[in-house]
Each structure stands twice: as C-alpha cells, then as structure tokens.
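Quick note on the working numbering: the sequence shown kicks off at 772 and runs consecutively.
Heads up: the structure comes next, in structure tokens.
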Amino acid sequence: MVSRNEVRIDCRALRHNFRCITEGVGPGVAVMAMVKGDAYGHGMVETAAVLADCGCRTFGVAELVEAVALRGAGIGGDIFVILGFVPEEAEQFLLHDLTPVVFLDQDIRALSQAAVRHGREIGVHLKLDCGMGRLGLLPAEVPAFKQRIDALPGIFLAGVMAHLPEADQRQAASTPQIFSCFQETIARIGAGFTGIRHIANSGATMYFQDTHCEMVRAGISLYGCYPDGSDGADIAAGSRLQPVMSFATRVAQVRDLPAGSGISYGHTYITTRPTRIAVLPIGYEDGYLRDLSNKGEVLVHGRRAPIRGRICMNLCMADVTGIPGVTVGDEVVLLGRQGEAEITADEIAGWMGTISYEVLCLFGNNNSRIHIDGER
C-alpha cells in the first residue's frame, strides 16, 4: 500500500550539511549528531546510518530505548543518552556500550553497581546547568558530585556538558557569560580533569566558535535549517545548508463552489467569488495542524495556493482558483520545492507561531517516509 502523503528525506542534502558542519569546526573538534526525536522526524536509524557512512562517530539521543535501537541496527561509535535513565536500566549501558549523561546520585550508584557486576568500568558525562534551567547540576553542586563519582567503583568522569539557551541569537550576551561559567565550573573540578567538554548546540557551533571545546552537538543544522530561522539563511556565509525534508500529498478531489459558500467546520472562510477548491487528504492527524487554517499555503503546479477554512483531522482545502489544469492525483507540496517555488520549514513555523524544529517533527513523525539517496 502506498500513502498519498509522503515525507521525502534527501540523503544527499544530509551528507552535504554534515560536511559543512565538520569543515566549519575543523579537524580537532568532534561532531555529535543529535538524532533524538526520530532524528527530528527524519528517521533515526536511517539518518544515523547515512551519517556513519560520512564518518560520524558520535550520536546523541534522548532516551535509552533509542540508543538500544541504534545498536540493534548496527550503528557503531559513541552513543550518548542525554536525558537520564531509571536505575533499573543501568545495566543496559554496559551491555550495549552506551554513554550515560548523569545528574542524580541514583544514576551514579546504579551505574557503579552494574559496572562492578560486569567487572568493567564505564565513563559518564556530567550534566551541568549554567543557566538553561532544565536538567543538570548547579555549578556549586558539581565539586561534591564529582567527589561522589570518584568514591564509587567502576565509574569515572569522562566528560562534562551543558546547554546554551540563547545561542540561536548571534548577538546574545548570555552565551559568552554562560560559557565562562561552564569553564570556571570545570576548573573547580580539579586540575586533573582531561575529559571531553561539550556545550555548543547548532547555534553555538555556527555562531560562537570559542564554545566548541572538544565536541559540538549538531541538531537542527544537520537537517538544513538555521537556528535563527530564515534570518540565518538570509545572511549565511559560505556553503549554505540544504533542507533535507520535503512533504507532499496528492489532490483527492477538485470542487467548484459558488460565491457565498462556506468551507469546512465553522465556515471560517466564505467564498467571495466562484472558487475552485482542491481537497487534500491531509490534516492535523498528519501533523498539518489547525494553526495553519486560513494561514498556510501549498504548492500546486509550481504556484502557491492558500489554505481555506479550518483544517480537519484528515482533510484540508486549498484555493486553486486561477491555477489551470488542476486535477485529481496532482502532486501538492506542503514543504519543499516545486518548480521555482519553495515553502520552507521556517515559513510554515511562522504561520504556526513556532519553530522549524517542531514543523519537521510533526511532519516526519506522523507520515510515511522515503529516503532518497545518491551522491552529491
């Protein structure tokens, strides 16, 4: 069975973006490819496999189940689990050779016990909160936590990480300040610390070179979007990132409606003239949210067609008046390029009042995907 709604993943663009990032940080800095959230909707296993073939040796996921799935698919290298875990899962890190990020005493105790049972040692990365206000240890808590790690058998501190809350803003004053806090906290751990430091997300990777340390974590940039949205794309220097995802459907029916016709629930759009409507088999179940009602646009025959009326669970309506020859089965592009026209994830995010990250996750995680390959 073939779905009319299809997310297409351009593996050539993914390779291009990885090369741009690795060339940008230089040979002395490792790149952790963030493939959490099913690789931001692009398919975690498929994305990791493409990147591994490009030389990527470090991957980041949110949950242990994702990391185990990557190992099961034959993905090698280092795989970081960044959101923690429950104590009963500790043994899985040793069984699958995974790297835990820790910030709780129960984490390090469980890992120590598991390591002793297996007669092995496991390196952990400490999560530091220097201003994000999410997971992690405050700077003042770190020296004592490090001492507790040192006192436990079977584990050792292999790295320290933090996250930057405003690195997507190129002029953010907080980024250098938070990076200074990060460095000062590591210094207080002790002169003997020689582990891996990583704090740079996509924004810092691209805009704050001083934060790169030994490793950066690339997320949205891998998938062809700039952390600061369309503004970043407009002023990008050098080789530009390329969008990896596109999303298309096909016309289910073409309707000719007279002036004064209400369209969809609530009749939030009333035609003011004879109007030709293309009914599309896509709706909020597919990630095309109601926020796009009477706001979004799609591409039909290389031209823009506005969404009319409320988006339904499985259907929405596009106004193709003035676009000749539209018929059942014609391709309709919701994200990506058709002819000379293009709709970007940042543009859709603007209509929805969100960010490109959410758009990619919504489309990619709610529809069938095909991965289009070929060297570029």
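Glycine included, C-beta positions come from ideal geometry on N, C-alpha and C.
- Between V857 and D878, the alpha-carbon positions lie close to 7 Å from each other.
- The residues N1138 and S1139, in chain order, have a CB closer than 8 Å to that of S774 in the same chain once the five nearest residues on each side in sequence are set aside.
- Boundaries of the beta strand (DSSP E) around E1113: A1112 to I1114.
- Residue state for C782 is assigned as helix, using DSSP reduced to three classes.
- Straight across, the Cα-Cα distance linking T818 with F830 is about 10 Å.
- Taking G907 as the centre and dropping the five residues before and after it, the same chain places the C-beta of F874, K898, L899 and D900 closer than 6 Å to its C-beta, in chain order.
- Boundaries of the alpha helix (DSSP H) harbouring D876: D876 to H889, taken from the DSSP string.
- Scanning its chain for C-beta atoms nearer than 8 Å, with the 5 sequence neighbours on each side dropped, one finds around V1097 the residues V1022, V1025, R1047, A1049, V1071, H1072 and V1091, in chain order.
- If you check the CB distance, P947 and M977 do not come in under 8 Å.
- Bounds of the beta strand (DSSP E) holding C1087 are C1087 to D1090.
- In the DSSP annotation of this structure, the continuous segment of the beta strand (DSSP E) that includes A989 starts and ends at M986 to A989.
- Residue range V913 to A922 is occupied by the alpha helix (DSSP H) that includes D921, with no beta strand (DSSP E) assigned at that position.
- Here S992 is buried: its Cβ has 16 or more other Cβ atoms, across all protein chains shown, within 10 Å.
- Uninterrupted beta strand (DSSP E) stretches at least 3 residues long and entirely within the region 1093-1139 occur at 1102-1109 and 1112-1114, given in chain order.
- In terms of Cβ geometry, M1084 and V800 do not form a close pair [threshold 8 Å].
- One Cα belongs to A840, the other to G847, and the distance between them is close to 12 Å.
- I1034 and I1119 have their C-alpha atoms spaced approximately 22 Å apart.
- Less than 8 Å separates the beta-carbon of A938 from that of G974.
- By alpha-carbon distance to S1032, the top candidate from G1000, G1080, A1019 and L1063 is G1080.
- Restricting attention to alpha helix (DSSP H) runs no shorter than 4 residues, the region 1027-1077 encloses none.
- A direct Cα-to-Cα measurement between V816 and G925 gives close to 30 Å.
- DSSP places F789 in the helix class (H, G or I) of the three-state scheme.
- Between the region 858-871 and the region 881-896 there are three or more inter-stretch CB-CB distances shorter than 8 Å, so the stretches are counted as touching.
- Taken in chain order, the complete beta strand (DSSP E) segments of 3 residues or longer contained in the region 935-970 are 967-969.
- Annotated as distal: H934 and I960, with beta-carbon spacing of 8 Å or more.
- Approximately 5 Å separates the beta-carbon atoms of V1015 and L785; this is inside 8 Å, confirming the contact.
- Separation of P871 and G814 (C-alpha to C-alpha, rounded to the nearest whole angstrom) is 22 Å.
- Rounded to the nearest whole angstrom, the CA to CA distance from L928 to Q863 is 18 Å.
- Within the same chain, and ignoring the five residues on either side of F1018 in sequence, the residues whose Cβ sits closer than 6 Å to its Cβ are V778, L1105, L1106 and F1134.
- Shown here, G930 sits in a strand according to DSSP, grouped into three states.
- Around the C-beta of G1093, fewer than 16 other C-beta atoms lie within 10 Å, and the residue is accordingly described as exposed.
- Between A1112 and R1075, the C-beta gap is smaller than 8 Å, which places the two residues in contact.
- CA-CA distance, D1101 to R790, rounds to 35 Å.
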